[in-house]
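Undergrad:
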Amino acid sequence: MTSLLATTDRISEVLPKDQATGLRDLKARTQAPWRGGFPAETTCESRCRVLVVSSGKGGVGKSHYALNMAVAMAELGQRVLLLDAAEGISHLDLLCGLHSYWNLEHAASGARSIADVLLKGPANIQLLTGARILLHAAQIPAALRPSFCEQLAALEALHDTIVVDAGTAVFPAAIPFFEAADRVDLITSTESTSIANTYAVIKHLSSRSRPSTGVLISPCDDEQLADAIHERLSRTTRTFLECGIEKLGYLANDGQIAKAVRSKIPFVLNRDSPASAQIRRFARSWIARSFSRRQSFFRLLLSEIAEIAINHSHTATTSQP
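Mapping to the working numbering: the sequence shown position 117 is 100, numbers consecutive.
1. With distances taken from CA atoms, which of V54, S177, S190, S286 is nearest K103?
2. Name the one or two DSSP bridge partners that Y233 has.
3. With burial defined as no fewer than 16 other Cβ atoms inside 10 Å of the residue's Cβ, what is the status of A179: buried or exposed?
4. Counting Cβ pairs, one atom from each stretch, are 3 or more of them under 8 Å apart for the segment 62 to 69 and the segment 233 to 247?
5. For M56, I'd like the list of residues in its chain whose CB is within less than 7 Å of its CB, leaving aside the five on either flank, ordered along the chain.
6. Around the Cβ of D165, are there at least 16 other Cβ atoms within 10 angstroms (buried) or fewer (exposed)?
7. Name the one or two DSSP bridge partners that T144 has.
8. By the three-class DSSP mapping on this structure, what secondary structure does L284 have?
9. What's the C-alpha gap between S259 and H47?
10. How about the segment 113 to 126 and the segment 85 to 105: do they share at least three Cβ pairs that are nearer than 8 Å?
11. Is DSSP giving Q109 helix, strand or coil here?
12. Would you call D148 buried or exposed, if buried means 16 or more other Cβ atoms sit within 10 Å of its Cβ?
13. Find out if the Cβ-Cβ distance for the pair A125, L284 is shorter than 8 Å.
14. Can you tell which of S37, F280, R282, S286 has its C-alpha closest to the C-alpha of A157?
15. For T220 and L77, what's the separation of their Cα atoms in angstroms?
16. Give the secondary structure of I212 by DSSP, where H, G and I count as helix, E and B as strand, and everything else as coil.
17. With distance defined between alpha-carbon atoms, name the residue in I170, C79, Q278 nearest to L50.
18. I'd like to know whether the C-beta atoms of G197 and L169 end up nearer to each other than 8 Å.
19. Please classify L101: is it buried, with 16 or more other beta-carbons within 10 angstroms of its beta-carbon, or exposed?
20. Could you say which of C132, S96, G41, L199 lies nearest to R282 if we only look at CA atoms?
21. Relative to the C-alpha of E58, which residue among L75, P249, S130, A121 is closest?
22. So T176 is in the alpha helix (DSSP H); what residue range does that whole segment cover?
23. Alpha carbon to alpha carbon, what distance is there between I97 and V184?
Right, dumping it as structure tokens:
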């Protein structure tokens, strides 16, 4: 496996100076004592905040929202890591004019380091594709887990916000991402099936120790319609689930979005776009918000996955005659 030390010259071109220096320091910590795959020093709380984006139905623009939120935050001074954890082929890189054969799955297998597969996106966001492998930690060779976890811990320490495109919410696969988030933003269209699926996701989250959950209507050109959908969802969740949702608003059906897809440039970079103004407002709201202290995102995520695997194994064992 290519060592991080050997790749730092190239990584310094990808990361801002302070982040590149942080990755160089990884090599010096390879002998740190381990606890559950993570170095003992990562038991401390993380200052990095995590926004997970998902939906109950495909085709509602969640990937565009995740990408443009990440870019907008970065333009406001945040150090942002964007994870493409959607099921199937990664495409966030294509949306911003990038492409790389190597992704996080290759880092997990030892073929590359995380530094090797990290992409530099618009506004200096850092992009990792293939992040769905984090939900399949059992596939990572045991001998490689300590190094892989250490690289994840160091990467988290170099960022202020992690934005996760979790794809369409398919349970139980997406649960660990949701439970490790500070907030889950659910994207729904104005279609009744999309709204119903969004409610189903909220219902599932309400049965667990869920994070803050926000709902965004996209695309929508009618503010009154968006308000009505929010009110209906809010009333239903309060009545039947005894929980609340956060009203994020709506994203305009802006023609600049389609142009941005064709040009492979995030629409938030177009200051004349109504949707750009909305995304920048959402990003400012996120940055201004205070969250309670939390564990390391990657530690919490992999702990959730390990617990699910243990419970599944226990269930399978006890169900045998």
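The beta-carbon is built from N, C-alpha and C at its ideal position, and this holds for glycine as well.
Note that the structure is predicted; figures quoted are calculated from it, not measured.
TA: Per the coordinate set shown:
1. The residue labelled residue 103 in the question sits at position 120 within the sequence shown. Per the Cα distances, V54.
2. Taking the sequence shown and counting its residues from 1, one reaches residue 233 at position 250. Paired residue(s): I200.
3. Position 196 of the sequence shown, counting from 1, holds the residue named residue 179. With fewer than 16 other Cβ atoms within 10 Å, it is exposed.
4. no
5. Indexing the sequence shown from 1 puts residue 56 at position 73. Closer than 7 Å at Cβ, skipping near neighbours: V63, T144, A266, W269, I270.
6. Position 182 of the sequence shown, counted from the first residue, corresponds to residue 165. By the 10 Å Cβ count, D165 comes out buried.
7. As a first step, residue 144 must be located in the sequence shown, where it is residue number 161. According to DSSP, which records beta bridges pairwise, T144 is partnered with R32, V63.
8. The residue you call residue 284 lines up with position 301 of the sequence shown. Helix at L284.
9. Counted from its first residue, the sequence shown places residue 259 at position 276. Counted from its first residue, the sequence shown places residue 47 at position 64. Approximately 11 Å between the Cα atoms of the pair.
10. yes
11. Counting from 1 along the sequence shown, the entry for residue 109 is found at position 126. Three-state result, Q109: strand.
12. For the purposes of this step, residue 148 is identified with residue 165 of the sequence shown, where counting begins at 1. So D148 ends up on the buried side.
13. The sequence position of residue 125 within the sequence shown is 142, counting from 1. The sequence position of residue 284 within the sequence shown is 301, counting from 1. Cβ distance not < 8 Å, so A125 and L284 don't count as in contact.
14. The residue labelled residue 157 in the question sits at position 174 within the sequence shown. Of the candidates S37, F280, R282, S286, the one whose C-alpha sits nearest the C-alpha of A157 is S37.
15. In the sequence shown, residue 220 corresponds to position 237, counting from 1. In the sequence shown, residue 77 corresponds to position 94, counting from 1. One C-alpha to the other measures close to 36 Å.
16. The residue labelled residue 212 in the question sits at position 229 within the sequence shown. Helix, per DSSP.
17. Taking the sequence shown and counting its residues from 1, the one referred to as residue 50 is at position 67. Ranking the options by Cα distance to L50, first place goes to C79.
18. Against the sequence shown, residue 197 aligns to sequence position 214. Against the sequence shown, residue 169 aligns to sequence position 186. Against a cut-off of 8 Å, the Cβ pair of L169 and G197 comes out as a contact.
19. Along the sequence shown, one-based indexing puts residue 101 at 118. It is buried - the Cβ of L101 has at least 16 other Cβ atoms within 10 Å.
20. Position 299 of the sequence shown, counted from the first residue, corresponds to residue 282. Checking every option, the nearest Cα to that of R282 belongs to C132.
21. On the sequence shown, residue 58 is found 75 positions in, with the first residue counted as 1. Cα-wise, what sits closest to E58 is P249.
22. Within the sequence shown, residue 176 is the residue found at index 193, counting from 1. Taken as a continuous stretch (DSSP letters only), the alpha helix (DSSP H) holding T176 covers 175 to 189.
23. Locating residue 184 in the sequence shown gives position 201, counting from the first residue. Locating residue 97 in the sequence shown gives position 114, counting from the first residue. Straight-line Cα distance between these residues: approximately 31 Å.
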